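Just below is one structure, and these are the notes that go with it.
Protein chains in written order, with the working numbering: chain R, 654 to 1126; chain H, 346 to 816.
This is the structure in structure tokens:
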């Protein structure tokens, strides 16, 4: 009963505060604006992607008859799909590249990074629901919570409340519920707007496939925002003055949202450095020329000839029932694949180590855990990009196997003069990709959720103990 | 004088101001270190790339004299303009002296492009550095970030409480009761805090320059550093005057703190982020996905009529024909040259659209910078340091011009089936980037100066009314 009175009083006080009304309105306007742009862009970009994929396929099938190996060089493009929840959190989308050219002999880096087509303004951040929830709303929470205890202490009302016999824990919990209730005035409509935006974007596929991810996203943000409520009240309870509490909380917000991400990048790069482009491609070239297993191209070629002659029981390449050129091309592809697996494996492993370093820093700055969680469940983090990149690379390899296999089987006596046309091109399977499900995201973000849970539990426990020892002065 | 000394003691003894100032200097040192690490990595990658290219060409040069064409196509051949011209020749955008202080777009847009006879304009965008995309999303912790985002917070701590604090602890009433103008009393205090804020900005910039290892012996470096410091100082004064004005208007120190936080958030985060979206909506970029497909379609069509295209090219450029008039119409490089020109006629207008839209976006940013000094200062600092979008776009244009010179050097020799000698290697085109003096700083300083003056006048007006209200 007392608890509900305290919570209700706190909620009413906040709701009637002009600052809260202005801040809430601003947050909701920014949030709705970001979701509107997010929906429009998602539809536009998804339609563009589908058009590009369709055109790529028709260009592939409709290309002029040519040597199978020329077709392998012409290759095909893979376009990464836009995840429905990317309209709320674009994550790494602008920085990873959206398409990759799948050609013979070479695993390419992704192209079309939207960030290269933007001005310096993008370095201030992107207007998205994620920015509002990760940066702006926490500041609103802290500006509400900072004088919950300290302000009452300065005004003398804390002494009055305690003198009435109100249990301090009830006071602490009531204030937390009050602030949370005020926050709900913003968060509940925001959640509904988010669900509606996703439903609009995924009109054909429906909201259901994204519901699981959306649910965990809501949970993660719930924990993140709750941690700010508790931290705000804790600092307010412990600070001598409201002004001191506010300065401390703003300092925490600046550290959390501005300093920590950038410092984390530097630290991560220091602990797990990634190679520069010249160093990376020099390593690839060295492995291609020298052989991953140390064998020179001439040695590898001779070994291939010997193995092929043995396989077909002949003593001369002219007597083979198949095209050796096709066999040789495929052997070259497989050697290249080993090299790319090794070098890209090292590069991606460095990135994953860097991501782990950044996530661990979530123990001192919850923003790091919240950002990882948000990108993970929205499907716009490095793990999802790598999943797509791996799928595209597997398709590139199977396309090369198909073309080289066709050449091996049918090009005897003709080799590179063997010409293929639309019938062969249409037999090559088109690239199809299904984004990973909720389980994939959950496995990647379980630790982030644990960190956010700790950021609720520890300040909550500390607040409860501080409330027990609350003094009016 | 006594007021000034007293104010100095107040500033120095205020733990929040002293603590924040020390923190800023430590962070400035760190920012300089981060910039240095980035710059050294860039220079190391550049050195490695140049060394690889120099070694490759030197090795070819040694073998050039007396070589004969190999029997198989695409085999290494130091005397073949086909083979030599298709080796990558890297060109670089030189780093400016203060590059480590404001990285700008240098970590996103390529500052190294590989030129060869096979390079197309579309390929220029593929030369970007390999970096963790999450690091690109966060942005670098450089001095520009510290000045734009963090220095205002420290200055606001200095501004905050000058009036409200004095009102709350009663010293304002004492000051008002003195037989002197309140404006004069507070004016000295504001002047000293202005000096302190400006000094802090300069010392932070110089600290970062020290840890970044900036070489001031390089021509232009001292002037660039002076401009960097002046812009930072003007920006700090903006926040100081704004902070004192808001404190004077607010009824309580807590209300002042909340208002100042909201102003900082609005001007440094919300306005730039919102304008970024607006600029992208006003001048949207065309689709690169569809550009890639258009390019492939153009390539497919061109390859079907490659021989005809080649014949047309030779008809238009008879100077390319060998003396005996015969050209191998099936030669890969000959056909590629003809196809490339046909594809370029179709694709170049689409590529031009990207550059035009980016230029329009940049113009919009300059117009919109009046709404946020943070945008103005960011653009200005990045321009001084050489990491601006304009400079990187100009590099891309000059690199492409070099690619065309490279092709113009080799293709006539390819068509005429000439062989290269070692002496010919001295005549290969060399890339030189024509740098321009950084622009926009005078406009930024004037704009900030005008706003600072306006704020000072508003502040004087408000403080004068403050005296009346107290009486």
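Note that the Cβ used here is the ideal one computed from N, Cα and C, for glycine as well.
Computed from a predicted model, the values in this text were never measured in an experiment.
- Take the alpha-carbon of residue 555 (chain H) and the one of residue 916 (chain R): they are about 20 Å apart.
- Legend: CB atoms of the stretch 447 to 460 of chain H lying less than 7 Å from CB atoms of chain R belong to residues 449, 450, 453, 454.
- Residue burial annotation: residue 509 (chain H) is buried, with at least 16 other C-beta atoms found within 10 angstroms of its C-beta.
- For the stretch 694 to 724 of chain R, residues whose beta-carbon sits nearer than 7 Å to a beta-carbon of chain H comprise 701, 702, 704, 705, 708, 709, 712, 716, 717.
- One thing to note: residue 461 (chain H) has its Cβ within 7 Å of the Cβ of residue 433 (chain H).
- Cβ neighbours of residue 717 (chain H) within its own chain (closer than 8 Å, five residues either side excluded): 612, 613, 616, 617, 620.
- Note that the stretch 1007 to 1024 of chain R does not touch the stretch 1041 to 1058 of chain R; fewer than 3 beta-carbon pairs, one per stretch, sit closer than 8 Å.
- DSSP places residue 731 (chain R) in the strand class (E or B) of the three-state scheme.
- Boundaries for residue 493 (chain H): no alpha helix (DSSP H) harbours it, and the DSSP string shows neither H nor E there.
- In the three-state scheme derived from DSSP, where H, G and I count as helix and E and B as strand, residue 766 (chain R) is classed as coil.
- Residue-level contact by beta carbon holds for residue 635 (chain H) and chain R, with a gap shorter than 7 Å.
- For residue 641 (chain H), at least one C-beta of chain R is nearer than 7 Å to its own C-beta.
- For residue 619 (chain H), the nearest beta carbon of chain R is closer than 7 Å to its own beta carbon.
- Within 9 Å of the CB of residue 800 (chain R), the CB atoms of chain H belong to 599, in sequence order along the chain.
- Taking a beta-carbon distance threshold of 7 Å, residue 667 (chain R) does not count as an interface residue toward chain H.
- A straight-line Cα-Cα distance of about 19 Å links residue 985 (chain R) and residue 1067 (chain R).
- Under the criterion of beta carbons closer than 8 Å, residue 803 (chain R) and residue 704 (chain R) do not qualify as touching, at roughly 58 Å.
- Listed in chain order, the non-local C-beta contacts of residue 1098 (chain R) below 7 Å within the same chain comprise 1025, 1026, 1029, 1030, local neighbours out to five positions each way being set aside.
- For the set R:680, R:1064, R:903, the Cα lying nearest the Cα of residue 495 (chain H) is the one of R:903.
- Listed in chain order, the positions of the stretch 645 to 669 of chain H with a beta carbon within less than 7 Å of a beta carbon of chain R are 645, 648, 649.
- Rounded to the nearest whole angstrom, the C-alpha separation of residue 979 (chain R) and residue 1057 (chain R) is 5 Å.
- For residue 588 (chain H), the nearest beta carbon of chain R is not closer than 7 Å to its own beta carbon.
- Per DSSP, the unbroken alpha helix (DSSP H) holding residue 759 (chain H) starts and ends at 734 to 760.
- A residue is called buried once 16 or more other Cβ atoms fall within 10 Å of its Cβ, and residue 802 (chain H), having fewer, is exposed.
- Taken in chain order, the unbroken stretches of alpha helix (DSSP H) that lie wholly in the stretch 1055 to 1125 of chain R and span 4 residues or more are 1075 to 1080, 1091 to 1121.
- Under the three-state reduction of DSSP, residue 567 (chain H) is assigned to helix.
- With respect to chain R, the C-beta atom of residue 486 (chain H) has a partner C-beta closer than 7 Å.
- Under the three-state reduction of DSSP, residue 346 (chain H) is assigned to coil, being neither helix nor strand.
- Pairing residue 732 (chain H) with residue 532 (chain H) gives a Cβ-Cβ distance that is not under 7 Å.
- In chain order, 1044 place their CB closer than 6 Å to the CB of residue 1086 (chain R), counting only its own chain and leaving out the 5 sequence neighbours on each side.
- Bounds of the alpha helix (DSSP H) holding residue 648 (chain H) are 633 to 649.
- About 4 Å separates the CB atoms of residue 725 (chain H) and residue 789 (chain H); that is less than 8 Å, so the two are in contact.
- In terms of beta-carbon proximity, residue 546 (chain H) stays away from the interface with chain R, with every pair separated by 7 Å or more.
- Between the stretch 533 to 548 of chain H and the stretch 574 to 582 of chain H, the count of C-beta pairs closer than 8 Å reaches three or more; the two stretches touch.
- Of the other Cβ atoms in all chains shown, 16 or more fall within 10 Å of the Cβ of residue 438 (chain H); this residue is therefore buried.
- At a Cβ-Cβ threshold of 7 Å, residue 692 (chain H) and residue 499 (chain H) do not count as neighbours.
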